[in-house]
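Remarks on the structure that follows.
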């Protein structure tokens, strides 16, 4: 029970609330872009299938986006409530960046969301496409600022420290584009795209399986289902290798700036030259060694040094007081990479089946695609565990310790709030998940676009009257 | 030399006021929800705020985020001091926020999300009122951090301000519905407004008498020359607004009661600022002591000068688009 003090409970609470929050942006960043692509494809090709898919995914987007907004609101206040010393010290640097996130991204999203969801019949196709693009751009922008903040905590730059111990800005460009930011930003945005691709692929595969079993409703738009499966698998085939490259570059960046984190990820207590790759093992932090180690010789150096002449450092070379906990990042990293490998296999498999013309009717592939639906979420959360737990015991890497960042709050307070968060989040987001899954169980329909014309889905935003006067004469549709 | 902390204090004070006046009425509609029966009536109430509520709530993010950016020391002291009411408020807001979407997924039966919406709105308003009361009462500070206990915020005065804010928001909600609703809902709202108006005035008097008794410098500020020049008009203007409110209700005027209520809120807010200025943590930390360095304030101000007016124009425009009665025919959700 000793472990459960205000410090560790606050860490737990932050981890819980931020992990549940990241699920929604990870999905909506990708989904907003997907909706933009669908809308654009319809605009330029005039094929109704794209707008059918647009209307189908729009509803799911609306539900997820709302939950992302409310769970994000909590984060803004938690910095001060649980991490007051941190807030006081980093406020002059991270506060304004967060301010920009709120001002630009949040309002951009909320502003154009109404136009986007109200349907193109009311606002005209061109403006509707523009609004969808702005929402996608807004989610992207939001990720930009937030990842800049997180990256600064990992690799602080462009700052000085004043007489009361606050970090103060010296060079804003250096602050925003700090050394790990470009790598982390690319890695996260690609992760969001993959997450969405695998959700879309799973929903499509589910409906294809039902179709093959003869259980699908006759109104199901089978062409649309095939189209989304095809698009999802293209994403898997193309983006997964790019993501692996981005992950590799972030790894190299981490090696340069946070070698301890690499030692933890790699599972090296002792330095090795050339270093092997620990495939699996059970970290024994007490004794400072890896038990039951399964290791491939030389591969660690090959991956992280791209040669065999340089080795890697081990955790025992660093002061014990600065060690991050090894087990969570060590295991989470392996799960994340495992998900990546599975995604790559799916991508390659889809290319082979596509060549054979059997992409839509190979039951094993379809079942695998359903099972891979949550893969992106698992990988994203594991990735964040690696980078955040790997940053411990610091909040600002090397400069401000987590234990020195805490508010003057007591254990019962934090215990109460964390229980409240768990109860409320599980109730509300559980219900949200049920509604989303219920929506996904419905197939996209052929006449979706017609049925939906008068049916706005979300309580946000508005339609500018100048665009809302009358439905435009539709351009010629062909399917 | 430009006084950036003062400019920013103005901006954040404005954001908080915008929040109170805007989200106040949609929380108020939630507070009144249980007292109006019938699904169609409740749909009408929900639809009257559905297009605008999340824009309104964004001002709260701006208030919290702005405090962090511009007055990090105040943020670092106030948040832990008000740990319990802040998280209560946030969780309550999460509850009612999801209800806007989820409510339409469960039709017909006794709807859990109706309860979530009403309960969340009421608890959020009460927590905000207690936060206000606790800040006025004062926060213990030692060096650069909070020095009090977990329950310091809880006091009879904070209970009074908590109740006052709930009743005040309910009045804002009722007068908002007078503008937006028709039929049953309109009649009910008008009745609520009449009863709530008297209660609000009683509560204002109670808070106004109690506040100067809390700290000597509040009393000095309010009752000594030359500060009297700007303190005396405040209660007089409140009386003016109260008369306008009751008169508007009597004559079935559409917008007048709502605007009068907003006037009362603005005056109450001005009274609050008169009491605590130039402190941001009353009696302990001034604006200038709490401010981040000018480099930070300037950096964010550049963007805000462009973005805040854009947001305001957008907000005004969206209210203009949704002007007039909601009706039940062209509901937001169908």
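Protein chains in written order, with the working numbering: chain A, 37 to 515; chain B, 943 to 1276.
Glycine included, every Cβ here is placed at the ideal spot set by N, Cα and C.
Of the residues the options, the one placed nearest residue i, counting alpha carbons only
i, options, result
"residue 952/B", "1263/B, 1230/B and 1098/B", "1230/B"
"residue 228/A", "280/A, 456/A and 413/A", "413/A"
"residue 1070/B", "960/B, 1119/B and 1107/B", "1107/B"
"residue 970/B", "1215/B, 1000/B, 1085/B and 1035/B", "1035/B"
"residue 1265/B", "985/B, 978/B, 943/B and 989/B", "989/B"
"residue 389/A", "401/A, 378/A, 380/A and 379/A", "401/A"
"residue 1013/B", "107/A, 93/A and 127/A", "127/A"
"residue 77/A", "45/A, 42/A, 165/A and 226/A", "165/A"
"residue 239/A", "258/A, 354/A and 223/A", "258/A"
"residue 1253/B", "991/B, 1001/B, 1198/B and 1114/B", "1001/B"
"residue 47/A", "431/A, 336/A and 84/A", "431/A"
"residue 266/A", "387/A, 441/A and 181/A", "387/A"
"residue 456/A", "1030/B, 998/B, 965/B and 995/B", "1030/B"
"residue 287/A", "471/A, 339/A and 307/A", "339/A"
"residue 188/A", "326/A, 207/A, 198/A and 321/A", "207/A"
"residue 1125/B", "1032/B, 987/B and 1205/B", "987/B"
Buried versus exposed, by CB contacts within 10 Å (16 or more), residue i
i, result
"residue 1164/B", "buried"
"residue 477/A", "exposed"
"residue 1027/B", "buried"
"residue 1076/B", "buried"
"residue 342/A", "exposed"
"residue 319/A", "buried"
"residue 1193/B", "exposed"
"residue 294/A", "buried"
"residue 248/A", "exposed"
"residue 1130/B", "buried"
"residue 497/A", "Residue confidence for residue 497/A is low, a pLDDT of 40 falling below 50, so the modelled location carries little weight; the figure read from the coordinates is stated next. Buried, because 16 or more other Cβ atoms sit within 10 Å of the Cβ of residue 497/A."
"residue 1178/B", "exposed"
"residue 494/A", "Confidence at residue 494/A is low in this model, with a pLDDT of 41, below 50, so the placement of that residue should be treated as unreliable; the coordinate-derived value is given next. Buried, by the Cβ-count rule."
"residue 186/A", "buried"
6 Å Cβ shell around residue i - same chain, five flanking residues per side excluded
i, result
"residue 271/A", "233"
"residue 74/A", "86, 89 and 90"
"residue 236/A", "264 and 268"
"residue 1236/B", "946"
"residue 487/A", "In this prediction, residue 487/A scores a pLDDT of 49, lower than 50, which makes its location untrustworthy; the coordinate-derived value is nonetheless stated afterwards. None."
"residue 168/A", "71, 72, 75 and 152"
"residue 383/A", "272, 273 and 276"
"residue 191/A", "214, 215, 216 and 293"
"residue 1044/B", "1055"
C-alpha gap between residue i and residue j, whole angstroms
i, j, result
"residue 118/A", "residue 1055/B", "30 Å"
"residue 161/A", "residue 94/A", "16 Å"
"residue 104/A", "residue 96/A", "12 Å"
"residue 50/A", "residue 330/A", "34 Å"
"residue 1213/B", "residue 1162/B", "14 Å"
"residue 282/A", "residue 364/A", "22 Å"
"residue 279/A", "residue 983/B", "52 Å"
"residue 959/B", "residue 1215/B", "11 Å"
"residue 442/A", "residue 43/A", "7 Å"
"residue 222/A", "residue 184/A", "11 Å"
"residue 473/A", "residue 1100/B", "43 Å"
"residue 1042/B", "residue 1128/B", "21 Å"
"residue 490/A", "residue 159/A", "Residue placement at residue 490/A cannot be trusted, given a pLDDT of 41 that sits under 50; the coordinates are not used to answer."
Own chain, CB closer than 7 Å to residue i, minus 5 neighbours either side, in chain order
i, result
"residue 372/A", "415, 418, 419 and 422"
"residue 111/A", "53, 54 and 57"
"residue 106/A", "none"
"residue 948/B", "1229"
"residue 242/A", "406"
Per DSSP, cross-strand counterpart(s) of residue i
i, result
"residue 516/A", "Chain A is shown only over 37 to 515; residue 516/A falls outside these bounds and no answer can be derived."
"residue 1065/B", "Paired residues: none, contrary to the question."
"residue 196/A", "204/A"
"residue 1198/B", "DSSP output for residue 1198/B lists no bridge partner at all."
"residue 1227/B", "1223/B"
"residue 430/A", "437/A"
"residue 269/A", "Beta-bridge pairing links residue 269/A to no other residue."
heavy atom of the ligand MG below 7 Å from residue i C-beta
i, result
"residue 1265/B", "Although the ligand MG was asked about, the structure shown includes no ligands whatsoever."
Cβ-based neighbour list, residue i, same chain, cut-off 8 Å, excluding 5 preceding and 5 following
i, result
"residue 144/A", "170, 171, 173, 174 and 177"
"residue 375/A", "411, 412, 414, 415 and 418"
"residue 1200/B", "967, 1114, 1117, 1118, 1120 and 1121"
"residue 351/A", "296, 299, 300, 304, 305, 324, 359 and 362"
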